[in-house]
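Here the structure is laid out as structure tokens; the discussion comes afterwards.
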Amino acid sequence: MKTLYLLRHGEKEENISQDDYDINLTQKGKDDIAKLAKKLLKREINLDLIVSSPANRARQTAEVLVKELNYPRNIMYNEVIYQAFLNELNETITYTFDTVNSLLIVGHNPSLAALAYTFCGFREPFDMGDIIRIDFNCNSWVEIGKHNASFNFFEKP
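Going by our numbering, the first residue of the sequence shown is number 30, and it counts up by one from there.
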């Protein structure tokens, strides 16, 4: 089985004079991600790999999460996740080594919401700081798809 977590970055600053890529999390955004991490700890999740957009708000989200979860590995940053089209995000996932069973992606809308809808028909608002878990009944990331996906949970901070 393969497990995919999609985490939308935390609440961002509203700074229209700054380049979108460089926008930071607010303090509330950081606090919300820390709260979310505590909820994930209660669920006893085990992450093999965290891949994040390198945009400031996503990177900061991943860093807060890693600290709170005591994640022992490095975060992998992938430029494709920033402003990804659905097919690019799907391709990024399918290129993951099969030794990884549990993958968390920190990214942005609309691509994360579109991916959740595509895989399991998830239609709820996917707000900043929200996470969804999707399980796939397969042994390779190349095999993931709507046909073997099942919604597991959706959590807000």
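We put the beta carbon where it would ideally sit given N, CA and C, even for glycine.
Given the structure is predicted, the values throughout are model-derived calculations rather than measurements.
In this chain, the alpha helix (DSSP H) harbouring residue 58 covers 56 to 71. Annotated three-state conformation of residue 148 is helix, per DSSP.
In the DSSP annotation of this structure, the continuous segment of the alpha helix (DSSP H) that includes residue 123 starts and ends at 115 to 123. At a Cβ-Cβ threshold of 9 Å, residue 70 and residue 34 do not count as neighbours.
In this model, residue 173 and residue 128 are separated by some 15 Å (Cα to Cα). Closest in C-alpha terms to residue 109, from the list 141, 95 and 126, comes 141.
Here residue 40 is buried: its Cβ has 16 or more other Cβ atoms, across all protein chains shown, within 10 Å.
Here the alpha carbon of residue 144 sits roughly 17 Å from the alpha carbon of residue 166. For the set 153, 30 and 36, the Cα lying nearest the Cα of residue 136 is the one of 36.
Taking C-beta atoms as the reference points, residue 158 and residue 61 count as a pair closer than 9 Å. Contact between residue 81 and residue 50 does not hold, since the beta-carbon distance rounds to 13 Å and is not under 8 Å.
With contacts defined as CB atoms closer than 9 Å, residue 186 and residue 65 qualify as a contacting pair.
In this structure, DSSP gives residue 184 an extended state, which the three-state scheme calls strand. Assignment of residue 129 by DSSP, reduced to helix, strand and coil, places it in the coil class. A distance below 9 Å separates the beta carbons of residue 132 and residue 170.
For residue 56 and residue 85, the gap between their C-alpha atoms comes out near 14 Å.
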